[in-house]
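Read the structure below first, then the notes.
There are 2 protein chains.
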Amino acid sequence: MTRARARGIRESEAIRLLATRLTRPRADGVRLGIGDDAALLEPARGVLVWTVDSCLEGSHFERGLLELGDVAWKALHAAASDLAAMGAKPLGAISALELPPRFSKRELDAFALGQGRAARALGCPVVGGNIARGERLGVTTTVLGVARRPLQRDGARSGDDVWLLGNVGLAAAGFALLRSGRVPKDRAGRRAIDAWRRPRALIREGRSLAAHATAAIDVSDGLGGDVRHLAEASGVRIVLEERELVRSLPRELFAIARLVRREALELALEGGEDYALVATGARAKRPRGARRIGHVTKGRGAVLERADGSPVELARGFDHLAR
Amino acid sequence: MTRARARGIRESEAIRLLATRLTRPRADGVRLGIGDDAALLEPARGVLVWTVDSCLEGSHFERGLLELGDVAWKALHAAASDLAAMGAKPLGAISALELPPRFSKRELDAFALGQGRAARALGCPVVGGNIARGERLGVTTTVLGVARRPLQRDGARSGDDVWLLGNVGLAAAGFALLRSGRVPKDRAGRRAIDAWRRPRALIREGRSLAAHATAAIDVSDGLGGDVRHLAEASGVRIVLEERELVRSLPRELFAIARLVRREALELALEGGEDYALVATGARAKRPRGARRIGHVTKGRGAVLERADGSPVELARGFDHLAR
């Protein structure tokens, strides 16, 4: 932790609080956590997999719909999701905080509690960070992991199946529900809101893919756009099959979609922030828990094949599609 | 690079530009650079040394006195300086950018050029990043390195000498000079301004310390405060000797100090951003280029021992001292 400019809570106090909440002495592989110039991790075997993700108030979230603990949770899982997509095991995380003026000790504590919980759920200790004064709350999280055989986006081959792990659309449904002001007490509503507030990076699922898949990506911006990224990186054409995709969607999605006047399929293709994984691989190699939702062919681009066989180009956002 | 919200320049354009300027294919140890979910680095031998640093417009810099290339340079060297302090060799850097509205392609290019130059100077390739829309320019840089025997802050022992590598005060002098509106054309002025605009993380010097020193820290917030951090972490008392310290200061510092109506010693103790290294170790083990500026004793805290032998407590900032 270096060069803090936080007001409200003093820097030394903030670092002490974070160290108490986050540093697990002798956590697996951690030689030195928060408090020195840098964190130290024991030598690691395998290819190093390393990423960063920013979560900024006003751009990525508003504090009205999220508790501080949720922001912390989401920020860590969003960053770790990139490791999941590459089949990596997390070694640790470092988070750089921008704290707005008058951010209190109580607020920082709520944040740190959420971050600590997320770290334990992921098996990814927070080993360091930085505090700076900003205009609004911001969390930039860098996550480091290892993989024996990391998955990339560029390995999909014609003839592969397309697999989905985890849910798509549910987080977007939960967000729409919260924004509508309704707070349903039924299981479907709670599950959708949880999916948005407390998404889970699919680390275990990603590692199970590593030995079987040819390519993978995590769905952070919507299935349609992310599948297109995968197709472009691999130089292939990806065909999502509407019938298979609809079959893979959770029952709750249809209920919430009706409530918020959206189509379930649209939420599934456009909605990000579930942090599902999409992968490609040979049919015979499909791992447990992976649902088939399409196939890879020669060509370029990404389409949704309607139940009647007609293809619809998947643009970056599904709202650009002709319906 | 994921989930950009930058306006002005489009995300895809921005990522292409950064990849062109920054990705050196087959750079030592880099298996995969900008463009996938995460960066991949070849397996590394040694303890992993990992840190993050934020550089935010309005909090850490103003764009009036710095070119965009300078901001990029400073951000990378400031982060790498934490690795220098631990005697580590950089493997790579990842930078998360917050771009203000209407940040242009030309501006991003100027930034990327500076970052690319800094990366080459450091031997620390930029292998990934994130782009987000912010209210003002922000750069959060995470740097990863390896060390066989990393130096920490907590190893100083009574009887050790205190060593300085690099300069202190010169960057603060350059900053004061720029703020005064004077742009001197003489060598001293240019050198001070360069020290502030284009500081250099002392990677080589840090690695030369690793085998000889008992503890080290980089001077990012001012010699007085950072020496105090080292003393606190080690549970010892550090005595800086005024006579030795003054002797170790560069000649230019005295000239500029007069010009900006400050004392050279004050600039040296308070001024940050030179990214000098302070280390402790046995007298016989002092490496080449390290100047002796004090000693370690039993006790607590950090003091400046005046030429007449009287001690002055070193507070967090030298302006808190009784003169």
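These protein sequence lines are chains A and B, in that order. Heads up: the first sequence runs through residues 289 to 611, numbered per our numbering. Heads up: the second sequence runs through residues 289 to 611, numbered per our numbering. Glycine included, C-beta positions come from ideal geometry on N, C-alpha and C.
Which same chain residues, not among the five before or five after B/V318, have their C-beta less than 7 Å away from its C-beta? L329, G380, P413, V415
Does DSSP classify B/V548 as helix, strand or coil? coil
CA-CA distance, B/K377 and B/A367? 13 Å
Please give the ranges of any beta strand (DSSP E) in the segment 522-584 of chain A, keeping only runs that are unbroken, at least 3 residues long and fully inside the region. 525-529, 564-569
Note down, in chain order, each residue of its chain lying with its Cβ closer than 7 Å to the Cβ of B/V515, except the 5 sequence neighbours on either side. I526, L528, V566, A590, L602
What does A/I505 reach in chain B if we use C-beta pairs closer than 9 Å? D324, D325
Thinking C-beta only, is B/A564 closer than 9 Å to B/N418? no
What is the DSSP secondary structure of A/A444, reduced to helix, strand or coil? coil
Members of the segment 381-398 of chain B near chain A, C-beta cut-off 9 Å: I382, S383, A384, L385, E386
Beta-carbon proximity check, A/T568 vs A/D448, cutoff 9 Å: yes
Under 8 Å: do the segment 332-352 of chain B and the segment 382-393 of chain A share three or more Cβ pairs, one atom per stretch? yes
Smallest Cα separation from A/A498: which of A/G477, A/R436, A/L354? A/R436
If you count every other CB in all the chains shown that lies within 10 Å of the CB of A/A393, and 16 or more means buried, which is it? Per the sequence shown, the amino acid found at residue 393 of chain A is Lys instead of Ala. So A/K393 counts as exposed.
Please confirm whether any heavy atom of the ligand ADP lies closer than 8 Å to the CB of B/A578. Of ligands this structure carries none, so the ligand ADP is not represented either.
Closer than 9 Å to chain A by CB, B/A332: yes
Relative to the C-alpha of A/L320, which candidate in B/Q440, B/L306, B/F391 has its C-alpha closest? B/Q440
For A/I544 and A/E554, what's the separation of their Cα atoms in angstroms? 12 Å
Chain A contact for B/E616 (CB, 9 Å cutoff): The first residue shown for chain B is 289 and the last is 611, placing residue 616 of chain B beyond what the model contains.
Rounded to whole angstroms, how far is the Cβ of B/G510 from the Cβ of B/G560, which I believe are closer than 8 Å? 5 Å
Looking at B/A406: is its Cβ nearer than 9 Å to the Cβ of B/A373? no
Starting from the Cα of B/I382, find the closest Cα among B/D596, B/V427, B/G352 and give me that residue. B/V427
Taking the straight line between their C-alpha atoms, what separation do you get for A/I303 and B/T502? 24 Å
Should B/S369 and B/L490 be called a contact, given that it needs their Cβ atoms to be closer than 9 Å? yes
How about A/H365: is its C-beta nearer than 9 Å to some C-beta of chain B? no
When we look at the beta-carbon of B/E355 and count the other beta-carbons within 10 Å, is it buried (16 or more) or exposed? exposed
Within 9 Å (strictly less), CB to CB, does B/H348 reach chain A? yes
For B/I297, the three-state DSSP class (helix, strand or coil): coil
Quick check: what's the CA-CA separation for A/F542 versus A/G462? 12 Å
Looking only at C-alpha atoms, which of A/E299, A/A398, A/R470, A/I297 sits nearest to A/R309? A/A398
Count the other CB atoms within 10 Å of the CB of B/E530; is the residue buried (16 or more) or exposed (fewer)? buried
Using alpha carbons as the reference points, say which of B/R445, B/W338, B/R351 lies closest to A/T430. B/W338
Out of B/V434, B/L396, B/I297, state which residue places its alpha-carbon closest to the alpha-carbon of B/G494. B/V434
Simplified DSSP state of B/I481, which is helix, strand or coil: helix
Going along chain B in order, which residues have a C-beta closer than 9 Å to the C-beta of A/A441? Residue identity check: residue 441 of chain A is Arg in the sequence provided, not Ala. Going along chain B in sequence order, the residues near A/R441 (Cβ under 9 Å) are G323, D324, D325.
Enumerate in chain order the residues of its own chain whose CB-to-CB distance from B/D482 is below 8 Å, with the five nearest sequence positions on each side excluded. G462
Cα separation between B/A578 and B/L453? 5 Å
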